[in-house]
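Per the working numbering, the very first residue in the sequence shown carries number 45; after that it's consecutive. Glycine is no exception: its CB is placed at the ideal position from the N, C-alpha and C atoms. Just so you know, these numbers come straight off a predicted model, no measurement behind them.
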Amino acid sequence: RNCYIYDGKSNEKYGIYLYNVVNGKIDNNLVENNGFGVYLSQSSNNLIYRNNFKNNTTQAYDNGTNNWDNGYPSGGNYWSDYTGEDTNGDGIGDTKLPHLGLDSYPLIKPFEIDITPPSAPTLVQPSSPTKQTPIILTGSAEPKSTVQVIVNGVAQRSAGVSEAGSFNVDIDLNEGNNIITAKAIDASANISEESEPVIVILDTIPPDTPILRPLPSATNKAKIVVEGNAEPNSKVDVFVTGVLKGSARAN
């Protein structure tokens, strides 16, 4: 897919050669100036469509049972030697069919092949740290592409991108640091570079119980300072007879 296959010297080589291949797909290729554009031997149920076959000595050979078009209106392939006519203006040939005994819906004009990868997605930084999993990851990418999310180097879920270029997808987090990136894949299977990462910390483990330093058993002061030890950066709530009296952040 998405290949330019060209023999600029001998015009004798095979552009695409399949032997004993079943249920494959050949699409979005420019195959030009080869001895055989496509040569299918003992292969069956392969789909060959939306390719441009130009000036190959033998455009196609097939001794099996394969599909050389995707029906109407998707169409088949562009052939530089097709001389039929498009009588209804839909861009698909209507006469001299099937072309080469293979393609029942040949394209009148070359198919525009997209080999340009989309831009890398942009991710919105989720809240971190969090004790929730899964979380919803949001961001933007090329409209109508598909975003593949990667967590700590492992591909996870995919999501479609809207026409406005936005997406959201549920992702599972691992305990601790989660480095999250994404790639965009367009309709022609071009893949973007990986996005800039966002990092989310999942913390589902309760901190140890704070340890209070000894307090006087009696005092004439209305306010006293409570000191102790707790998990660094945790919030400590102090209760007196079940009533919250103050909070502090452990350093």
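With 16 other Cβ atoms within 10 Å as the buried cut-off, status of residue i
| i | result |
| --- | --- |
| tyrosine 149 | buried |
| valine 284 | exposed |
| glycine 133 | exposed |
| isoleucine 159 | exposed |
| tyrosine 48 | exposed |
| aspartate 230 | buried |
| threonine 190 | buried |
| leucine 288 | exposed |
| arginine 293 | exposed |
| aspartate 281 | exposed |
| proline 162 | buried |
| asparagine 110 | buried |
Cβ shell of residue i (< 7 Å), same chain only, five flanking positions each side left out
| i | result |
| --- | --- |
| valine 103 | Residue identity check: residue 103 is glutamine in the sequence provided, not valine. Here the set comprises Gly81, Phe97, Trp123, Asp125, Leu144. |
| proline 142 | Ser148 |
| asparagine 234 | Asn46, Asp158, Ile159, Thr160, Pro161, Pro162 |
| aspartate 247 | Pro173, Lys175 |
Delimiting residues of the beta strand (DSSP E) encompassing residue i
| i | result |
| --- | --- |
| proline 147 | Contrary to the premise, residue 147 reads as aspartate rather than proline in this sequence. That residue, aspartate 147, is in no beta strand (DSSP E); it is neither H nor E in DSSP. |
| phenylalanine 283 | 279-284 |
| alanine 104 | 102-106 |
| glutamate 76 | 74-76 |
| isoleucine 92 | 88-93 |
| glycine 59 | 58-63 |
| glycine 81 | 80-85 |
| asparagine 141 | According to the sequence provided, residue 141 is leucine. The question's asparagine does not apply to it. Element bounds for leucine 141: n/a, residue is neither H nor E. |
| glutamine 192 | 190-195 |
| alanine 292 | 287-293 |
| threonine 109 | 109-111 |
| phenylalanine 155 | First-last for phenylalanine 155: undefined, no H or E at that position. |
| aspartate 71 | 69-71 |
Own chain, CB closer than 6 Å to residue i, minus 5 neighbours either side, in chain order
| i | result |
| --- | --- |
| arginine 257 | Glu271, Gly272 |
| asparagine 78 | Asp51, Lys57, Gly59, Asn100 |
| proline 154 | Asn96, Tyr122 |
| proline 165 | Gly183, Ala185, Val191, Ala226, Ala228, Ser239 |
| serine 202 | Thr190, Gln192 |
| glutamate 129 | Thr139 |
| threonine 253 | none |
| serine 278 | Pro251, Ala294 |
| valine 66 | Ser88, Asn89 |
| asparagine 212 | Ile180, Thr182 |
| isoleucine 255 | Gly272, Asn273 |
| glutamine 169 | Val242 |
Neighbourhood of residue i by C-beta, 8 Å cutoff - its chain only, sequence neighbours within 5 removed
| i | result |
| --- | --- |
| isoleucine 245 | Ser172, Pro173, Thr174, Gly220, Asn221, Asn222 |
| tyrosine 116 | Ile136, Tyr149 |
| proline 187 | Val205, Ser206, Glu207, Ala208, Gly209 |
Worksheet item: Unbroken beta strand (DSSP E) runs of length 3 or more, entirely within the segment 200-267: which are they?
Response: 210-215, 220-229, 242-246
Worksheet item: Is it a yes or a no for the segment 259-279 touching the segment 192-203, going by three-plus beta-carbon pairs under 8 Å?
Response: no
Item to complete: Kindly confirm or deny that the segment 197-208 and the segment 69-87 touch, where touching means at least three C-beta pairs closer than 8 Å.
Response: no
Practice prompt. Indicate whether the contact test is met: 3 or more Cβ pairs, each with one atom in the segment 229-241 and one in the segment 209-216, closer than 8 Å.
Written response: no
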